[in-house]
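*Asks:* Take a look at this one; I'll ask things after.
In the numbering used here, the protein residues as written are 7 to 389.
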């Protein structure tokens with residue numbers, strides 16, 4: 007909760023004794039009006055005292071009155087929160103086991119692939135080690151802030167991991183007002199957040215450099231959907247090639263959606279146009295495997311003798327593709343473990359400053375890339 011811009015308490019000698027009741031009534035009104043949502047966190051006593059221009063004793067009396075009414079509750083070392091409407095804190099009548107909610111659009115059945123399953127496994131491993139329970143909370147098609155708060159409220163969790171992209175204004179507010187949280191596999195502009203993510207740009211540069219150093223100059227990028235990670239990977243690869251003298255207009259770009267099917271469609275499009283590059287960087291492994299499938303089904307071009315293909319992520323079956331896929335490894339289990347570990351640290355010490363942890367990628371060389379250029383179709387540079 008952000009304090010209102012100005013306090014309208016009635017002051018004066020005759021009113022001084024009732025200032026705490028005025029503060030309590032203001033907060034009570036904001037709860038009734040829905041400005042303060044269930045499970046949202048109130049400002050600290052210091053912030054409330056400063057806002058209302060009173061001492062902390064007055065604020066403490068106001069909060070005590072609201073607490074007695076069951077409108078708010080306090081969690082040691084975590085803060086004061088709006089009750090869930092039942093007049094009791096979410097943790098009352100529950101075991102002492104810490105529960106952690108995992109919230110994200112990527113948890114939908116149609117979106118949950120090997121990549122996110124490995125992150126989820128890492129989170130579960132660390133939480134189990136620390137005797138905490140994981141509660142999966144798919145965000146589905148949620149777009150409104152109050153819907154997210156309702157999702158978390160109904161789960162009665164102690165803390166939250168936000169996984170994957172969520173609209174930045176909503177995410178920032180959830181972090182400020184909701185239970186203790188960390189952001190995993192998505193950037194956050196909120197200075198209040200702990201963020202654990204991959205260095206997508208570094209991984210993409212490594213992939214681009216690998217193809218360039220093998221001698222490939224007719225290059226293409228098979229991109230994903232409109233996510234920050236996709237833009238970071240595509241831009242970093244293109245920037246590297248341009249810095250090495252490849253004309254920007256010669257870099258072929260085909261848009262996919264991170265699915266294997268979109269990789270197959272991209273391969274079919276390359277084959278239909280007859281202008282195949284010799285080096286193709288796919289922004290994830292599933293699209294890369296789809297591309298390999300399309301090329302193998304066509305039969306005219308060999309990988310890696312004619313065309314080199316490199317993926318990104320190193321999902322668990324990347325090494326089982328035909329041929330085995332050269333890719334950029336992201337330690338997804340490590341990211342999940344770090345996210346859970348940081349969240350448990352924050353539960354123990356809420357005053358910790360926000361931290362930004364980047365997990366570094368590495369190239370994994372297999373059998374889908376080799377030295378180039380090979381002569382494949384009309385030269386893209388002259389088309």
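No residue lacks a Cβ here, since even glycine has one placed at the ideal position from N, Cα and C. The model shown is predicted, which means the values in this text are computed figures rather than measured ones.
(1) Which runs of the beta strand (DSSP E) fall wholly inside the segment 227–308 and span at least 3 residues, in chain order?
(2) Would you report the Cα separation of residue 369 and residue 209, rounded to the nearest angstrom?
(3) With 16 as the cutoff for other CB atoms within 10 Å, does residue 272 come out buried or exposed?
(4) Tell me, please, which residues DSSP counts as bridged to residue 200.
(5) On the three-pair Cβ rule with 8 angstroms, is the segment 280–299 touching the segment 313–327?
(6) Could you spell out the range, first to last residue, of the alpha helix (DSSP H) harbouring residue 175?
(7) Let me know the secondary structure DSSP gives residue 1 once reduced to three states.
(8) Less than 8 angstroms between the CB atoms is what I'm expecting for residue 214 and residue 247, so what's the real figure, rounded?
(9) Got a sec, what are the start and stop residues for the alpha helix (DSSP H) residue 155 sits in?
(10) Can you tell me whether residue 28 is buried or exposed? The criterion is at least 16 other CB atoms within 10 Å of its CB, across all chains shown.
(11) Does the beta-carbon of residue 143 have 16 or more other beta-carbons within 10 angstroms, so that it is buried, or is it exposed?
(12) Among all the DSSP beta bridges, which residues are the ones paired with residue 319?
(13) Within its chain, find whatever has a CB closer than 6 angstroms to the CB of residue 100; leave out the 5 residues flanking it on each side and keep chain order.
(14) What does a CB cutoff of less than 7 angstroms around residue 264 pick up in its chain, not counting 5 residues either side in sequence?
(15) Taking 9 angstroms as the threshold (C-beta atoms), are residue 259 and residue 279 in contact?
(16) Start and end of the beta strand (DSSP E) containing residue 139?
(17) For a test of the three-state rule: what should DSSP assign to residue 47, helix, strand or coil?
(18) So what does DSSP say about residue 165, is it helix, strand or coil?
(19) Is the segment 166–175 in contact with the segment 324–334, if contact means three or more CB pairs nearer than 8 angstroms?
(20) Pull up the CB-CB distance for residue 300 and residue 270, whole angstroms please, since I reckon it's below 8 angstroms.
(21) May I ask you to report which of helix, strand or coil DSSP gives residue 434?
(22) How many whole angstroms separate the CB atoms of residue 167 and residue 199, which I take to be in contact at a CB cut-off of 8 angstroms?
(23) What are the boundary residues of the alpha helix (DSSP H) that residue 131 is part of?
(24) How would you call residue 216, buried or exposed, if buried means at least 16 neighbouring beta carbons within 10 angstroms?
*Replies:* In this structure, then:
(1) 258–261, 285–288
(2) 8 angstroms
(3) buried
(4) 188
(5) yes
(6) 174–183
(7) Past the boundaries of the shown model lies residue 1; the chain is included only from 7 to 389, so the question cannot be answered.
(8) 6 angstroms
(9) 151–161
(10) buried
(11) buried
(12) 335
(13) At residue 100, the pLDDT of 43 sits below 50, so the modelled position is not reliable; the number obtained from the coordinates is stated separately. Correct list: empty, nothing qualifies.
(14) 230, 231, 290, 292, 293
(15) no
(16) 138–144
(17) strand
(18) strand
(19) no
(20) 5 angstroms
(21) Outside the shown range of the chain (7 to 389) lies residue 434, about which nothing can therefore be said.
(22) Actually they do not touch by this definition, with Cβ atoms about 11 angstroms apart.
(23) 120–135
(24) buried
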